[in-house]
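Peer 1:
There are 4 protein chains.
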Amino acid sequence: MKQNTRQQNKAETRRLLLRAGLDLFLEQGFEKTNAVEIASKAEVAVGTLYLHFGDKAGLLQEVLLQGALDLHERVMKVYIDPPGDPYTLARAHVETIVQFLEENQKEGRFLLEYASRRDSAITSVLDKIVKQIELSVESGVKMGVYRADINPALAARAEASMNLGLLAWWIQDPGRATREEIIETLTKFRASGLHSQTKHDYT
Amino acid sequence: MKQNTRQQNKAETRRLLLRAGLDLFLEQGFEKTNAVEIASKAEVAVGTLYLHFGDKAGLLQEVLLQGALDLHERVMKVYIDPPGDPYTLARAHVETIVQFLEENQKEGRFLLEYASRRDSAITSVLDKIVKQIELSVESGVKMGVYRADINPALAARAEASMNLGLLAWWIQDPGRATREEIIETLTKFRASGLHSQTKHDYT
Amino acid sequence: MKQNTRQQNKAETRRLLLRAGLDLFLEQGFEKTNAVEIASKAEVAVGTLYLHFGDKAGLLQEVLLQGALDLHERVMKVYIDPPGDPYTLARAHVETIVQFLEENQKEGRFLLEYASRRDSAITSVLDKIVKQIELSVESGVKMGVYRADINPALAARAEASMNLGLLAWWIQDPGRATREEIIETLTKFRASGLHSQTKHDYT
Amino acid sequence: MKQNTRQQNKAETRRLLLRAGLDLFLEQGFEKTNAVEIASKAEVAVGTLYLHFGDKAGLLQEVLLQGALDLHERVMKVYIDPPGDPYTLARAHVETIVQFLEENQKEGRFLLEYASRRDSAITSVLDKIVKQIELSVESGVKMGVYRADINPALAARAEASMNLGLLAWWIQDPGRATREEIIETLTKFRASGLHSQTKHDYT
DNA sequence: GATGAATGAGGATTCATTCAT
DNA sequence: GATGAATGAATCCTCATTCAT
């Protein structure tokens, strides 16, 4: 029992540090946030931060990983029992991300901010999401609803980039567009960019 | 004459510093690169860096600005006498960027790396490019070749994000796809994402 | 019985800590070895180290003292019933030390390493050994087998230094000389350095 | 000319740091002396220490090397035009060291203190001195004034250890013996330890 | 007796920037 | 304009030690 309390306290301390790190990294960026500040915000000693995460970068990785996993989990739910219709799937995918961003403003902003950084813990999670999109594109192509002349890996990457980029821009100042406009825009691009059609449509 | 030589030397020194800064920022990132290192690589004294750029951030701004302006100039050329057909325009836009990246690998990689940073000098240049895309979208809508139910500002931003994101990913390891595949993918998304079509197409 | 077991466990824990301390101090030096590391190597909690030895320095003292006492005990045995002949005594003294070093490589190396440190617990033990040598020198002088024009205290100190220094050097890389060569060298210096002889011998 | 002044100032700064380091390391030991303290004593900023020596250990090495080279130079002078008689050579060698210690109390004490530390810059210089003694022993053996049954390398090492050890002990409290007693003791050991004589002398 | 998470003062090192030459 | 030695505030990280369990 006692041991259990100790475990709980340790976990609680860890949680406090993760939250403090998230807040400060988001506010000021990783480089401008210093270790004492984080510890102080978490109301623990600096040493405790190093005890739990090894170094400041270790804390960043964990913060990032935590957020990325949360988002990943959400997005994956859409694919567990996916709507057959690509447009609906595209919309569900986009809506889930927007939903997540609205519920977890800080985590979301932070993730978007660091998603493009090299060597961040996010990269691998991002890759997984892209892979998932790729699979759904492939199945769409097989089913004949998506154009065959497309490279699913590239299309998936392009789409993820578009989502991330537009959302990062939007979330920095949500007054720039309504939630619905954002969802619409992204959905249209996705759905139609993949849909079968011929070039002569444009001439 | 002597004056002229001095001018030339000054410009040359500036060029050396910009190049050294670009190389090191790209290799190690801005924060991990220090002023003495840059000066040393440029084979001048640290003081000289401060003479030319005020401070380290000043050098970064100039490096970024230089690259962004070069890219911007290139992209703008496409819009001076644009092809009427949206698909061709989209392709020309994308091709120009890819071309630039291949000719200026380092500058390109660096720009893409910093494009998503808040407060970077690049942001304003990026905004200009986005604005240009927005105008072309608007004109496409007016001409009736683009769907009317689209927010040109958002579409432009979405497209720019997609370009940047996919290209950043590609340029980190060009073996991931051929140049042509990249151009194709981006062009298709752009052209079709904007083209008139109705939702029932997908049902 | 249970009490007995507890006693045994306590003694065992102490032994584990002493050994872990010895190993790590020898490998990395006292300053670069930290308490958690020692405890971890001994497979006990840090607190336990403090329970047994008060502080890190306390452990060092005990490690040193233990080794020094072991060595002292050995050396003293030679003087309990000493051979009358100075050469044989000198040889027996030297051989005992070499023997000890070979049997307790780690302890030995450690002792030699710290013997010259100021303020180490070893100093007092070393002083005792030197005193013992001094007594034997004095008795030799009285017996007329050692030259009278010598300061026994200094001679004893000189000899102890020589022993320690050469042995420390040897033990760091035993390939440098055979065991017998070391013993021979030290014995000769001792025996003859003290033996009566007149300066004109050398002219 | 200006450049020259700059050079001189730099050298002066270096000298100040070396002296401050020597003083403090001697007083408190390397580990207990901190960088700010050294810089402060040298009346420069901490950064300057790092500019000149890379790190704290770098300063220690230089201090040690400087002292060792000074001593080495002195000792070597004895061997440039050595007295043919071994006793006189032995005495000259010992006297030179004692002389040096008296003239450079601090450097001397410091050298002796650190001579036995592993991996100190001193080791290589000490090895050179030992090598020199070895050569003189070898030549003594060839000339027939030293016993043939001795390993010159070991004898040289033994003697150097003896010198260092006794001197280190003496210099810590010079009241323990007169200068003359020290010289006498070391000279006798050296001269007689090496001189030809047979074991049966002692039986 | 034993545990090990937490502490926080202390120390090493960095590096943007200055300024006398 | 150019130089580069010097600066010192800022920051990262360590680790001996404690104490509630």
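Residue numbers (the working numbering), protein chains in the order written: chain A, 1 to 203; chain B, 1001 to 1203; chain C, 2001 to 2203; chain D, 3001 to 3203. Just so it is clear, CB atoms sit at the ideal spot from N, CA and C, and this is done for glycine as well.
1) State yes or no: is the beta carbon of Asn151/A nearer than 8 Å to at least one beta carbon in chain B?
2) Rounding to the nearest angstrom, what Cα-Cα distance links Leu2135/C and Ser2192/C in this structure?
3) Shorter than 8 Å from the beta carbon of Thr1123/B to some beta carbon of chain A?
4) Nearest by alpha-carbon distance to Lys2010/C: which of Thr2048/C, Gly2021/C, Ile2129/C, Asn2034/C is it?
5) Where do the N-terminal and C-terminal ends of the alpha helix (DSSP H) with Lys2106/C fall, by residue?
6) For the candidate residues Phe2025/C, Tyr2087/C, Gly2084/C, whose alpha-carbon lies nearest to that of Leu2060/C?
7) For Arg1109/B, which residues in chain A fall below 8 Å Cβ to Cβ?
8) What number of angstroms, rounded off, separates the C-alpha of Gln1247/B from the C-alpha of Ala42/A?
9) Within 8 Å of any Cβ in chain A, is that where the Cβ of Glu1181/B sits?
10) Which residues, in chain order, does the region 2031–2056 of chain C contribute to contact with chain D at a C-beta distance below 7 Å?
11) Can you list the residues of chain C that Arg3157/D reaches, using a CB-CB cut of under 7 Å?
12) Looking at the secondary structure, which residues open and close the alpha helix (DSSP H) in which Val2044/C lies?
13) Which one of Thr2096/C, Ile2122/C, Leu2017/C, Ser2040/C has the shortest CA to CA distance from His2052/C?
14) Hey, how far is the Cα of Ser116/A from the Cα of Ala1168/B?
15) Here's the rule I'm using: 16 or more other beta-carbon atoms within 10 Å means buried, otherwise exposed. How should Ser3161/D be labelled?
16) Show which residues of chain A have a CB atom less than 8 Å away from the CB atom of Ala1177/B.
17) Does the region 1090–1097 of chain B come close enough to the region 1176–1188 of chain B that 3 or more CB-CB pairs lie under 8 Å?
18) Between the Cα of Lys3032/D and those of Ala3148/D, Ala3057/D, Pro3152/D, Ala3177/D, spot the shortest distance and give me the residue it belongs to.
19) Spatial neighbours of Glu113/A within its chain, please: C-beta separation below 6 Å, excluding the five flanking residues on both sides.
20) Say whether chain A places a C-beta atom closer than 8 Å to the C-beta of Thr1096/B.
21) Indicate the three-state DSSP secondary structure (helix, strand or coil) for Gly1029/B in the structure shown.
22) Hey, Ala68/A and Leu111/A are a contact pair by Cβ (cut 8 Å); roughly how many whole angstroms apart?
23) Tell me, please, whether the CB atom of Phe2189/C is closer than 8 Å to any CB atom in chain D?
24) Helix or strand or just coil, what does DSSP make of Thr3096/D?
25) Would you verify that the beta carbon of Ser3116/D is, or is not, closer than 8 Å to some beta carbon of chain C?
26) Consider the C-beta atom of Ala3090/D and the heavy atoms of the ligand GTP; say whether any pair is separated by less than 7 Å.
27) Applying a beta-carbon distance threshold of less than 7 Å, which residues of chain D neighbour Leu2186/C?
28) So which residues on chain B does Met162/A lean against when the C-beta distance must stay under 8 Å?
29) Excluding five sequence neighbours on each side, which residues of the same chain lie with their C-beta closer than 7 Å to the C-beta of Glu2062/C?
30) Reducing DSSP to helix, strand and coil, say where Asp85/A ends up.
31) Under a Cβ-count criterion, where at least 16 other Cβ atoms within 10 Å of its own Cβ denotes burial, should Arg3006/D be classed as buried or exposed?
32) Return the Cβ separation of Asp70/A and Glu107/A in integer angstroms, given the expectation that the two are a contact with Cβ distance under 8 Å.
33) Let me make sure I understand the geometry here. Which of Ile133/A, Gln172/A, Met143/A, Asn163/A has the alpha-carbon closest to that of Ala153/A?
34) Please confirm if Gln2197/C has its CB atom under 8 Å from at least one CB of chain D.
35) What number of angstroms, rounded off, separates the C-alpha of Glu181/A from the C-alpha of Arg74/A?
Peer 2: The relevant details are as follows:
1) yes
2) 17 Å
3) no
4) Thr2048/C
5) 2105–2115
6) Phe2025/C
7) Those do not exist, as Arg1109/B stays about 10 Å from chain A at its closest Cβ, beyond 8 Å.
8) Residue 1247/B lies beyond the stretch modelled for chain B, which goes from 1001 to 1203, so this question has no answer here.
9) yes
10) Glu2031
11) Leu2166, Trp2169
12) Neither: Val2044/C is in no alpha helix (DSSP H) and is coded neither H nor E.
13) Leu2017/C
14) 9 Å
15) buried
16) Asn151, Ala153, Leu154
17) yes
18) Ala3057/D
19) none
20) no
21) coil
22) 6 Å
23) yes
24) helix
25) yes
26) The ligand GTP is not part of this structure, which contains no ligands at all.
27) Ala3158
28) Ala1158, Glu1159, Ser1161, Met1162, Gly1165, Phe1189
29) Leu2018, Phe2053
30) coil
31) exposed
32) 7 Å
33) Ile133/A
34) Residue placement at Gln2197/C is poorly supported in this model, since its pLDDT is 48, which falls under 50; the coordinates still yield a value, given next. Cβ-Cβ to chain D under 8 Å: yes for Gln2197/C.
35) 21 Å
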